[in-house]
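Worksheet: the structure to be examined is printed underneath.
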Amino acid sequence: MNPWLLDSFILFTYFAAIIGIGLAASRRQTSLNDYALGGRKMPWWAVLASILAAEISAATFLGAPGEGYALRNFTYAQLAIGTVLARIFVSWIFIQPYYSYGVVSIYEFLEKRFGPHSRQAASAVFLVTRALASGTRLYVAAIVLVLGWEMFSGAKPSPGAELGIYFTALLVLVVLTALYTVAGGIRAVVWTDVIQAVVMFSGLGFVLWHLFQTIPGGMATITGKLNQPGDLTFWSLGPVAEGNLGTTLKGILEADYTVWTAFFAATFVTMATHGTDQDMVQRMLTAKNPARSRLALVGSGLADIPIVLAFLGIGILLWVHYQHDPDPNLPTRNAHVFAYYILHELPPGFRGLLIAGIFATAMGSLSTALNALATSWVRDWYEPFLAPRFKSPDSLRAARWATLAFSGLLVLIGATTAWVVITNPTSRILPIVLGIFGYTYGSLLGIFLLGALTKTRGSDHGNLVAMVAGFLAVAILSGLPSDLLKLCGLPPLPRPDWLPLIAFPWRITFGTLVTFFVGYLFRPKVDSLQS
């Protein structure tokens, strides 16, 4: 019997179950509130699972083991400290106001606090950034299909053929996900996320067990191979220049994973993604009340710690495995190694489970992104500007059409990402995905903090100035102008030696601080303040 028949059956069963559950959830939807918030009737544990499913995209499922494989340590897991701290801050600062104001799009909060320009600017930032980030994440799930094609054909495809395979895979994933998302809304998203989380974590546990069982010599071999400085470390203080504080600080800001990144940068990153991103916050608002929403949010942060350690552990064990048993056909891209292992090393059945797990991560993060993009578009743009022009506007129908439109856009972004990676094979996936948020989400978080933590600071027009200032600060500190010049074939701009080229986790931190303090300089008009 063909060993792939069992894998195909598992994948077919998975897709049928997910689509069936999603379509079943489409009943009893009569308004945008039902489509976007599920009537606020979702149990907290389902919301928790949905948060995890959205966080762990295919980029994380393959990219985090790729980080473990490349670095051979757990320093990336330090960031989990900041994610837990940030969730506590978000639950304390933002959750209650969102419930109190009864918002569907969280950017409505900014209009109530400052005015319509702040709301529209924040919504536009979200729509652009989320579309770019989700499209980039989507590309990663297609990696397994490209490697599968290589496995069956016995040859590596040409760049053009490889791009065609990526595009086909992206199209299939998006069509299947859009099918239940359009029909079922957030209720379908949350319940399918629960199933996808179970599939994902089951596959994760099996891979860890399988790697331990198949490495000859077990722990003795593992510790024997991992004997270089920095191997298996959990903490990193970053580079230290003895007697030179400025150089030390510059080195810390240029390092991806350090203790300082964990406590400060990761906290700001997660506050932005879990407090000011419609994609993540929308599922929290499906819980019955703020207390249950907080429970789901903080609980997901605690669950993140063992999950991240497991992903990195898989990457480290993969490095040991292929050091002990080299494979000349092993992909050169770190993010492809885990997918290659799944296709070539796992037994039938479990291989299908892991492939389903990759698709689960992609569909889980994609479905909620589509729902959030559609909700923000309809609530922040269609209803204020377009609906008044229609005799009988229908927000629910508009949300479904918007979901389809964003589906097509994400396919194009994912295909573009595939082309970039094909032409730049040494690029690391995780910094690319997380770095997209860094340029804009600091501006979002800065304005939200200004609205939540102050009563008489910030103004509708002043916020626009502050958001632009935050973006420009991050662009300069991260070297964006020089990167754009390089893409155009032009020489980069000169850069002073003292100016740090900040690592991607620090971008949101600097963007937030600049935006907040520039916005703090402005005061609302007297009539706005009285209202």
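Numbering (this note's numbering), first residue to last: 710 to 1240. Ideal placement from N, C-alpha and C gives every residue a C-beta, glycine not left out. Since the structure is predicted, the reported quantities are computational estimates derived from the model, not experimental observations.
Under DSSP, the alpha helix (DSSP H) around residue i begins and ends at which residues?
i        : result
Thr-1221 : 1216-1229
Ser-1076 : 1059-1086
Trp-1028 : 999-1033
Asp-743  : 741-746
Leu-1131 : With the sequence shown as reference, residue 1131 is identified as Ile, and Leu is not the correct amino acid for it. Segment 1104-1132, the alpha helix (DSSP H) holding Ile-1131.
Gln-987  : 987-993
Ser-759  : 753-764
Asn-1043 : 1043-1054
Ala-981  : 975-984
Lys-934  : 928-934
Lys-959  : 954-963
By the 10 Å Cβ neighbour count, where 16 or more other Cβ atoms means buried, how is residue i classified, buried or exposed?
i        : result
Trp-754  : exposed
Met-928  : exposed
Trp-1207 : exposed
Thr-1163 : exposed
Arg-1106 : exposed
His-1053 : exposed
Tyr-778  : buried
Asn-1038 : exposed
Thr-838  : buried
Pro-1040 : buried
Trp-1215 : buried
Arg-1003 : buried
Ser-717  : exposed
Ser-867  : exposed
Gln-937  : exposed
Gly-955  : exposed
Ile-1122 : buried
Leu-757  : buried
Phe-770  : buried
Phe-921  : exposed
Among the options, which residue has its Cα nearest to the Cα of residue i?
i        : options                                   : result
Leu-720  : Ala-1083, Ala-830, Val-834 and Gly-1058   : Gly-1058
Leu-1018 : Ala-1184, Gln-787, Ala-831 and Val-756    : Gln-787
Leu-1027 : Leu-1011, Ala-1012, Val-1046 and Pro-1015 : Val-1046
His-1033 : Pro-925, Thr-995 and Asp-902              : Pro-925
Leu-1006 : Val-799, Thr-722, Trp-858 and Arg-1216    : Val-799
Ile-728  : Thr-886, Leu-1095 and Thr-982             : Thr-886
Phe-876  : Leu-854, Leu-941, Ala-892 and Leu-780     : Leu-854
Ser-1085 : Asn-742, Arg-736, Leu-714 and Asp-716     : Asn-742
Tyr-785  : Pro-1190, Val-1129 and Ile-1025           : Ile-1025
Thr-845  : Ala-1178, Ala-1124 and Leu-1154           : Ala-1124
Leu-1186 : Lys-1195, Ala-981, Gly-731 and Arg-1204   : Arg-1204
Thr-1218 : Leu-1199, Val-1177, Ser-1152 and Lys-1195 : Ser-1152
Ala-773  : Ala-795, Arg-1042, Ser-740 and Val-898    : Arg-1042
Thr-1149 : Leu-1222, Lys-1195 and Glu-820            : Leu-1222
Ala-1078 : Leu-1062, Leu-1113, Gln-738 and Ala-1044  : Leu-1113
Leu-935  : Gly-955, Thr-923, His-1030 and Trp-713    : His-1030
Val-899  : Leu-1063, His-919, Pro-1200 and Ile-760   : Ile-760
Ile-1145 : Arg-749, Ala-842 and Trp-801              : Ala-842
Arg-796  : Trp-1110, Tyr-889, Phe-977 and Leu-856    : Phe-977
Val-916  : Ser-1104, Gly-1179, Gly-1198 and Ile-1051 : Ile-1051
Gln-829  : Ile-1131, Gly-1188, Met-1176 and Pro-1201 : Met-1176
Ser-1116 : Ala-981, Thr-967 and Thr-890              : Thr-890
Thr-792  : Phe-835, Ala-975 and Gly-869              : Ala-975
In chain order, what residues of the same chain have a beta carbon less than 6 Å from the beta carbon of residue i, not counting five sequence neighbours either side?
i        : result
Val-813  : Ala-745 and Arg-1088
Gly-984  : Val-799 and Phe-803
Tyr-1091 : Ala-1107
Asp-965  : Ala-1212
Pro-1209 : Lys-959, Leu-962 and Glu-963
Gln-1239 : Low per-residue confidence applies at Gln-1239: pLDDT is 48, beneath 50, and the placement is therefore not dependable, though the value from the model is reported in the following sentence. Same-chain partners within the cutoff: there are none.
Gln-991  : Ala-1081
Phe-943  : Phe-783
Gly-747  : Ile-895, Arg-896 and Thr-995
By Cβ distance below 8 Å, which residues in the same chain neighbour residue i in space, the five residues on each side in sequence not counted?
i       : result
Leu-913 : Ile-1016, Ala-1019, Phe-1020, Ile-1023 and Gly-1066
Leu-882 : Leu-847, Ala-850, Ala-851, Phe-1068, Ala-1071, Met-1072 and Leu-1075
His-826 : Asp-1169, His-1170, Asn-1172 and Leu-1173
Tyr-808 : Leu-994, Asn-998, Pro-999 and Ser-1002
Thr-923 : His-1030 and Glu-1054
Once the 5 residues before and after residue i are set aside, which same chain residues still bring their CB inside 7 Å of it?
i        : result
Arg-1232 : Thr-1165, Arg-1166 and Ser-1168
Leu-1199 : none
Can a CB atom of chain D be found closer than 9 Å to the CB of residue i?
i        : result
Gly-1061 : Absence of chain D from the displayed structure is noted, only one protein chain being present.
Q.
What ranges does the alpha helix (DSSP H) occupy inside the region 1187-1215, keeping only unbroken runs of at least 4 residues that lie completely in it?
A. 1189-1196
Q: Scan the region 828-892 and note each continuous alpha helix (DSSP H) run of 4 residues or more that stays entirely inside, going in chain order.
A: 852-862
Q. Which ranges would you report for the alpha helix (DSSP H) in the region 790-831 if only whole runs of at least 4 residues count?
A. 804-810 and 817-822
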